[in-house]
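Residue numbers (my numbering): 1 to 95.
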């Protein structure tokens, strides 16, 4: 029986040489995170189909938006919706 040493050697896969820099395209934005401390964020990723050391996309990868969550903050609500107008106009005690 003959033993073939070549079968036991790992096969090497030739990868193409990466380009140093390529321009990519942005992925779609992720969903916003839940509102926390008055902010919510979403992210996107710079992608390229080419094998490269660095992929460049113009723009930002993170977007922060101000938000309001009623669960985080107690917002006082007047029993009389016209109370502010009455205070401003001086009709506070008139009915």
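For every residue, glycine included, the Cβ atom is placed at its ideal position computed from N, Cα and C.
Below 8 angstroms CB to CB, which residues in the same chain sit around residue i once its five sequence neighbours on both sides are set aside?
i	result
residue 39	64, 65, 66 and 67
Please list, in chain order, all residues of the same chain as residue i whose beta carbon is under 6 angstroms from its beta carbon, the five residues on each side excluded.
i	result
residue 18	51, 52 and 53
Can you pull the DSSP bridge partners for residue i?
i	result
residue 26	46
residue 65	40
residue 56	23
Measuring only the C-alpha atoms, how far is residue i from residue j?
i	j	result
residue 89	residue 43	48 angstroms
residue 46	residue 11	32 angstroms
residue 36	residue 24	31 angstroms
residue 69	residue 22	41 angstroms
residue 33	residue 48	26 angstroms
From the options, pick the residue whose C-alpha is nearest to that of residue i; which is it?
i	options	result
residue 55	32, 85, 87 and 27	27
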